[in-house]
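Numbering (my numbering), first residue to last: 883 to 1329.
Where is the CB? At the ideal position from N, CA and C, for every residue including glycine.
One structure is given below, encoded as structure tokens.
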């Protein structure tokens, strides 16, 4: 039975490059996937493209390609990545340049275009998931709109023999599913196999989350050598079942527990996981330890794909002002609480136009608010964080300046004051008709 080996060399924009290199060098891969786009990541990429038409591709593209292209040629695997972000064409040209510099030739590089649908918004009537409002209510503030493409848009690049495929916004599992569909010649309406493949893809897409990262809890769930955690790979069978594993000698762990946690990551209904390619059913998946750090995955299935595509809309959402001040020693918590009272009074006196304000005491209520109740232990030190949102940058700046003013005008013994004001990019979700996308593939040959 034919088996292909697909590795994940990145689970987010800033993921470790050395771990990807280890996987590429020792993983005996057929495909290496770099999944680098979160919702706000691509909105920020669009901002960069607006500032410079030659930018807008993913963070660390140059570093990743410089490290991996020579191995791509040496080991004979293909690379599929969404590092194109807001500008796949610029990413293609930069990759060609790096291939020439590193001698990773000959090389065929493809850019998959068509995920950018910002210009299509005026003709689309749909609702925003998070608010229920009409899409038209956001259009005046939108800086980006990206549809989630799928296997169907990547497949022609594989069929044309591309060694490196660079996309914009693509559904995370589709990056991994595409080589399965290509290698095994699965029809695009073979819902069973597409569902099975999507299970494996979902397990891989967050890189080390399935091999011990985001899993460890000392004394309860111990993971060895996380400083050298191995990125995962899947040995995929033609049936759509497979093995999740990692390179021998790397840190981390692949177990039924790590796989179960990752299977349920970012899942609402396990029996109805919507992607551009299939409605996958994870509810009957079975994990079985095949050997140390080798987990057999079976039981996935699927049904017809959704009629629409998800799209993420990036919008300007005012300004976020953040500032922190520390108090330590006797009565530190009470001094921090007094500082908060002073700030609230000052914001009112200055008549600041704030959409929202929030105050937190790190170590007491910063993460869960008051849900967990108050600790009986009085901390020796505490950090007060003040955060505000405003449509007016001047008011956000005034709010954080008031935290700095606590040096001389607040409780005794402040320290470690930091402040910043940043533009807020909010990400909203909707669905659009499939016929709104116009996919295109551009090729470059490096001789």
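Residue 1203 is bridged by DSSP to 1270, 1303. DSSP places residue 1183 in the strand class (E or B) of the three-state scheme. Three or more beta-carbon pairs drawn from the region 1310–1325 and the region 996–1005 are found closer than 8 Å, and the two stretches are therefore classed as touching.
Within the same chain, and ignoring the five residues on either side of residue 1217 in sequence, the residues whose Cβ sits closer than 6 Å to its Cβ are 1209, 1293. Taking each of 1030, 1003, 1066, 918 in turn and checking the Cα distance to residue 1041, the smallest one comes out for 1066.
Per DSSP, residue 1169 is one residue of the beta strand (DSSP E) stretching across 1168–1173. In the three-state DSSP reduction, residue 1322 falls in the strand class (E or B).
Under the three-state reduction of DSSP output, residue 939 falls in the coil class, being neither helix nor strand. Taking a cut-off of 8 Å on C-beta distances, the region 1309–1320 touches the region 1190–1202, as three or more cross pairs fall below it. Here residue 1080 has 1055, 1059, 1155, 1157, 1159, 1160, 1162, 1182, 1184 as same chain residues with Cβ atoms under 8 Å from its own Cβ, once five neighbours each way along the sequence are excluded.
Taking C-beta atoms as the reference points, residue 890 and residue 1089 count as a pair closer than 7 Å.
Annotation for residue 1044: 990, 992 place their beta carbon closer than 6 Å to its own, counting only its chain and skipping 5 residues before and after.
Taking a cut-off of 8 Å for Cβ pairs, the region 893–907 and the region 941–948 touch, as three or more such pairs fall below it. Between residue 1205 and residue 1264 a beta carbon distance of about 15 Å is seen, past the 8 Å cut, so the two are scored as non-contacting. Of all C-beta pairs linking the region 1290–1307 to the region 1003–1013, fewer than three are shorter than 8 Å, placing the two stretches out of contact. According to the DSSP assignment, residue 1242 belongs to the beta strand (DSSP E) that extends over 1238–1244. In the DSSP annotation of this structure, the continuous segment of the alpha helix (DSSP H) that includes residue 970 starts and ends at 970–984.
Between residue 1221 and residue 1249 the beta-carbon gap is near 20 Å, outside 8 Å, which marks them as no contact.
In the structure shown, residue 1140 adopts helical secondary structure according to DSSP, grouped into three states. Secondary structure note for residue 996: it is in no alpha helix (DSSP H), with a DSSP letter that is neither H nor E.
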